[in-house]
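Sequence order for the protein chains is A and B. Counting from 20, one number per residue, gives the positions in the first sequence under the working numbering. Counting from 81, one number per residue, gives the positions in the second sequence under the working numbering. Cβ atoms here follow ideal geometry from the backbone N, Cα and C, with glycine treated the same way. Treat the numbers as computed from the prediction; the structure is a model and nothing was measured.
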Amino acid sequence: MSVPARQKREPLVRMVKRDDISSRRAWSYRALAFVAALATGGLLILILGHNPLFVYRDMVVGSWGSPTVIKETIKLAIPLLICALGLALAFKMKFWNIGGEGQIIVGALAAGYFGFFMADFLSRPLLIAVMLLAAIVAGGIYGLIPAFFKAKWNTNETLFTLMLNYVALAVIKYLMNGPWKAPGSSFPKMPMLVPGGRLTQILGVHWGWILALVLVLVAWFYFNRTKQGYEISVVGASENTARYAGMNVGRVIMRTMFLSGALCGIVGFLQFSGADYTIAEGIAGGVGFTAITVAWLAKMNPFGMLAVSVFIAMLERGSNTIQTIYKIPASASSLLIGIILFFMLGCEFFITYRLVFRGSASPGRAGGGGGDGGASTSSDSASPGQTDRQKREESA
Amino acid sequence: MIDIVTALLMAAVLAGTPLLLGALGEILTEKSGNLNLGVEGMMFMGAITGLIGSYCYEQALTAAGIVPNGVISALVALTVSFLAGAFGALIYAFLTITLRANQNVTGLILTIFGTGFGNFFGEYFGLAAGGYVAVSSVTKAAFSPLHIPLLSEIPILGKLLFQYNWMVYFAIALALGMFWFFRVSRFGLNLRAVGEDPAAADAAGINVSRYRYLATVIGGGICGIGGMYMSMVTTSGVWVHGCVTGYGWLAVALVIFATWSPLRGILVAIIFGGLMIMRMYVSIPGLPAQIYDMVPYVATILVLIITSVRQSKEHAMPAGCGLNYFREER
């Protein structure tokens, strides 16, 4: 084949996996993506007729400006963080637990059963302990169901866990309208939790925040320093390798999903007995979904999840403030969070790959000839030399 | 008795149509190997833009002193909602196909984004319009039940088959068209190959990225049209905050229950639609109404379990679905 024809086929841009990237460079890319996201959101604010800089400033002030709002922000971050920790357990073994929402609900309902009906028979510390335990067990079992089918028959867990969310939601609606309806209420709602079942506040926020911080450390230790954490990583990297190494893959999947669901169950308990004091349809409030992006953006690093969850909580709290100041609808927060997450997700690509443009000097290790690498289509005329080069690029 | 059954069936069809549209869009997307969990987001985007499109068209013409035309208004809503859904899907496609982001995460972010998009602009235009956005009677008439001479007048059958709004027929025609597309047409067969085994399709000379882009974007557009049905027919042309909430996920469930077949989708849409409105027509003593809410999801889970236990490849999700295709990692 003639050389000009080959150059014609060379794509305008092709991507090459980076060997390594300095963490400084990676973070500068992330910062750039973040600024670009803010600029896109700012453009929207500008079109609405406000000054984006003032709006952003008021969002920050609205979430960190006074002790009252700081407490609100932290209250929003707690469920996100704990749920993300739980989901990360499953994601690390490539088990797509999209059912955080349902596991939160089930945890809240289990805690609710004891909180509503057993409060008179148990002393306060015992009541709280029983509620917590019930939430852990219920959430864990709800996570175990799809794991069992996955382990046994390889049933698709993404869709299974997703559907379980709505089953749990229907259970709430049923209990709200029927057996658990608040006595004397004409409106379908559940009663309020007795003060004895409510969580003590430490520094103005229920003690869930301490639990969340402890869980961050525990999760880090579990992921990096324990045999079980190691097994999760191996199953995630390759099930066959895990099986070859003598691990019981099904058992690892079920055990991990029980823990994952249990952590989500704890979130349900905290929301019920620390924040809402009752159970309504919105008890999970999308936390199970948002936490997925928290875990993913933090790359399953518990400390990263701490940072990301606080940040998203700040955006949510800040949007409430700008609604009152600028009359910008509060739904703007979802819009802005969506934009920021899109950009952060997109920028990971540029951290993993670099782009090589047509005509630019070819990378040294590709042999320097023509640059007709793995990204061009229809390689029916591939010469042995070319496949060789592709191989080298892949292994690099 | 016949009257009740007819009314129930008609209501089921009307309630099932947006689910069918959302599911058809998702079937097209998943057949290409993209599991787009942003259906709800794209439906929200289609719902608000379709409504605003018609609203702006009416306002512009009324301001110019011309009487708006219902058919054109409906066409505006159809086009705009398609474009909005396609735009949401384009973001998804760019992130997952070109930038290789995780499909589940991208889809969920699209849901967050689209839900915010719909509710935000719904409230924003509502405030601007002084309370709420609503289209005029001209557009509403364009989305009201058709009256076809002779056919609509057949007793019972006429009512059951020929007295729906045009979008119902549009959705059914689309399902039939997609059935043909997947079974017979070359593009459809290629697309299925891309979804089942992208590496093999690539080796056969099929441009995997192009197929995935096109299927995902067009599928997103169809989801957008499904959302427009919600705002134009279900809520009769008035923006209701969060009007699509839950329907997008029900559409995802429908795709599974219909085992990725557009034709079965029609049937399942009527069943799901029936379950949604059943509580208004049939109350079984001792059975709480919320059971109806639960049935579609439980049934879907059962289908998932049964197909996996039987290892039925034909009724399962396309094998390559949910995974991005990297040629270098073949």
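Are the C-beta of residue 357 of chain A and some C-beta of chain B separated by less than 8 Å? At least one beta carbon of chain B lies nearer than 8 Å to the beta carbon of residue 357 of chain A.
Between the alpha carbons of residue 403 of chain B and residue 190 of chain A, how many angstroms are there, rounded? Each residue's alpha carbon lies about 33 Å from the other.
Check distances from the C-beta atoms of the stretch 332-349 of chain B to those of chain A and list, in chain order, the residues that come in under 8 Å. Listed in sequence order: 332, 333, 336.
Could you please tell me which residues of the stretch 364-382 of chain B, in chain order, have their CB closer than 7 Å to any CB of chain A? Those residues of the stretch 364-382 of chain B that come within reach of chain A (Cβ to Cβ, closer than 7 Å) are 368, 370, 373, 374, 377, 378, 380, 381.
Just checking, does the stretch 128-138 of chain B make contact with the stretch 216-232 of chain B on the three C-beta pairs under 8 Å criterion? With the cut-off at 8 Å, the stretch 128-138 of chain B and the stretch 216-232 of chain B touch.
Checking contacts by CB at 8 Å: is residue 113 of chain B closer than that to chain A? The beta-carbon of residue 113 of chain B is placed no less than 8 Å from the nearest beta-carbon of chain A.
Quick one: residues in its chain with C-beta nearer than 7 Å to the C-beta of residue 374 of chain A, no 5 flanking neighbours on either side, listed in chain order? Around residue 374 of chain A: 32, 34.
Going along the chain, which residues of its own chain have a beta-carbon closer than 8 Å to the beta-carbon of residue 83 of chain A, five neighbours each way excluded? 89, 92, 333, listed in sequence order.
Between residue 299 of chain B and residue 306 of chain B, what straight-line distance do the alpha-carbon atoms span, to the nearest angstrom? Their backbone Cα atoms lie some 11 Å apart in a straight line.
My guess is that residue 250 of chain A and residue 266 of chain A are in contact by the Cβ rule of under 8 Å, so how many angstroms apart are they, rounded? Contact annotation, residue 250 of chain A with residue 266 of chain A: C-beta distance approximately 6 Å; criterion of less than 8 Å satisfied.
Taking the alpha carbon of residue 179 of chain A as the point to measure from, which residue in B:385, B:184, B:125, B:249 has its own alpha carbon closest? Checking every option, the nearest Cα to that of residue 179 of chain A belongs to B:385.
When you compare the CB of residue 180 of chain B with every CB in chain A, is at least one pair closer than 8 Å? At least one chain A Cβ lies under 8 Å of residue 180 of chain B.
Quick one, which of A:358, A:362, A:369, A:114 has its alpha-carbon nearest residue 63 of chain A's? For residue 63 of chain A, the nearest C-alpha among the options comes from A:358.
Quick check on residue 111 of chain B: does DSSP put it in helix, strand or coil? Residue 111 of chain B: helix per DSSP, three-state reduction.
With DSSP as the reference, identify every bridge partner of residue 376 of chain A, one or two as the case may be. Paired residue(s): A:32.
Should residue 62 of chain A be flagged as near chain B, meaning a C-beta pair shorter than 8 Å? Not an interface residue.
Please identify the residue among B:244, B:236, B:214, B:405 whose C-alpha is closest to the C-alpha of residue 228 of chain B. Nearest of B:244, B:236, B:214, B:405 to residue 228 of chain B, Cα basis: B:244.
Give me the chain A residues within the contact set of residue 248 of chain B, using Cβ-Cβ distance strictly less than 8 Å, ordered along the chain. Taking a Cβ-Cβ cut-off of 8 Å, residue 248 of chain B has no neighbours in chain A, whose nearest Cβ is about 25 Å from it.
Nearest-angstrom Cα distance between residue 115 of chain B and residue 334 of chain B? Going from the Cα of residue 115 of chain B to the Cα of residue 334 of chain B covers about 14 Å.
Identify whether residue 391 of chain B lies in helix, strand or coil by the three-state DSSP scheme. The answer is coil: DSSP assigns residue 391 of chain B none of H, G, I, E or B.
Given a cut-off of 8 Å on the beta-carbon distance, is the pair residue 186 of chain B and residue 124 of chain B in contact? Against a cut-off of 8 Å, the Cβ pair of residue 124 of chain B and residue 186 of chain B comes out as no contact.
Taking the alpha helix (DSSP H) that residue 122 of chain A belongs to, which residues open and close that run? Residues 119-136.
I need the DSSP call for residue 286 of chain B, collapsed to helix, strand or coil. Coil at residue 286 of chain B, not helix or strand.
Can you name the residues of chain B whose CB is closer than 7 Å to the CB of residue 432 of chain A? Residue coverage of chain A in this structure runs from 20 to 415, which leaves residue 432 of chain A outside it and unanswerable.
Check whether the Cβ of residue 116 of chain B lies closer than 8 Å to any Cβ atom in chain A. With 8 Å as the cut-off, residue 116 of chain B does not count as an interface residue toward chain A.
In its own chain, which residues sit with a C-beta less than 7 Å from the C-beta of residue 112 of chain B, not counting the 5 before and 5 after it? Leaving aside the five residues that flank residue 112 of chain B on each side, the residues in its chain whose CB is nearer than 7 Å to its CB run, in chain order, 271, 274, 275, 291, 292, 295, 296.
Straight-line Cα distance separating residue 408 of chain B from residue 393 of chain A: For residue 393 of chain A, the pLDDT reaches just 39, beneath the cut-off of 50, and the residue's location in the model is therefore unreliable, although a value from the coordinates is still provided. When rounded, the distance between both Cα atoms is 7 Å.
Would residue 127 of chain B pass as a contact of residue 198 of chain B if the rule is Cβ separation under 8 Å? Closer than 8 Å, so yes.
Chain B contacts from the stretch 192-225 of chain A (Cβ-Cβ distance under 7 Å): Listed by position, the residues of the stretch 192-225 of chain A near chain B (Cβ gap below 7 Å) are 192, 193, 196, 197.
Find the residues of chain B that neighbour residue 178 of chain A, judging by a C-beta separation of less than 7 Å, and give them in chain order. Taking a Cβ-Cβ cut-off of 7 Å, the neighbours of residue 178 of chain A in chain B comprise 336, 384, given in sequence order.
Would you identify the three-state DSSP class for residue 303 of chain A, choosing helix, strand or coil? In the structure shown, residue 303 of chain A falls within a coil segment according to DSSP collapsed to helix, strand and coil.
Over what stretch of residues does the alpha helix (DSSP H) that includes residue 217 of chain A continue unbroken? Looking at the DSSP string, residue 217 of chain A is not in any alpha helix (DSSP H), and its letter there is neither H nor E.
How about residue 327 of chain B and residue 310 of chain B: are their beta carbons less than 8 Å apart? Taking 8 Å as the Cβ cut-off, residue 327 of chain B and residue 310 of chain B qualify as a contacting pair.
When DSSP labels each residue in this structure, what does residue 302 of chain B get in the three-state scheme? In the structure shown, the three-state DSSP call for residue 302 of chain B is helix.
How big is the Cα-Cα spacing for residue 381 of chain B and residue 182 of chain A? Put simply, the backbone Cα of residue 381 of chain B is about 7 Å away from that of residue 182 of chain A.
Residue 115 of chain A burial status per 10 Å Cβ neighbour count (16 or more: buried): The residue in question, residue 115 of chain A, is buried, as its Cβ has 16 or more Cβ neighbours within 10 Å.
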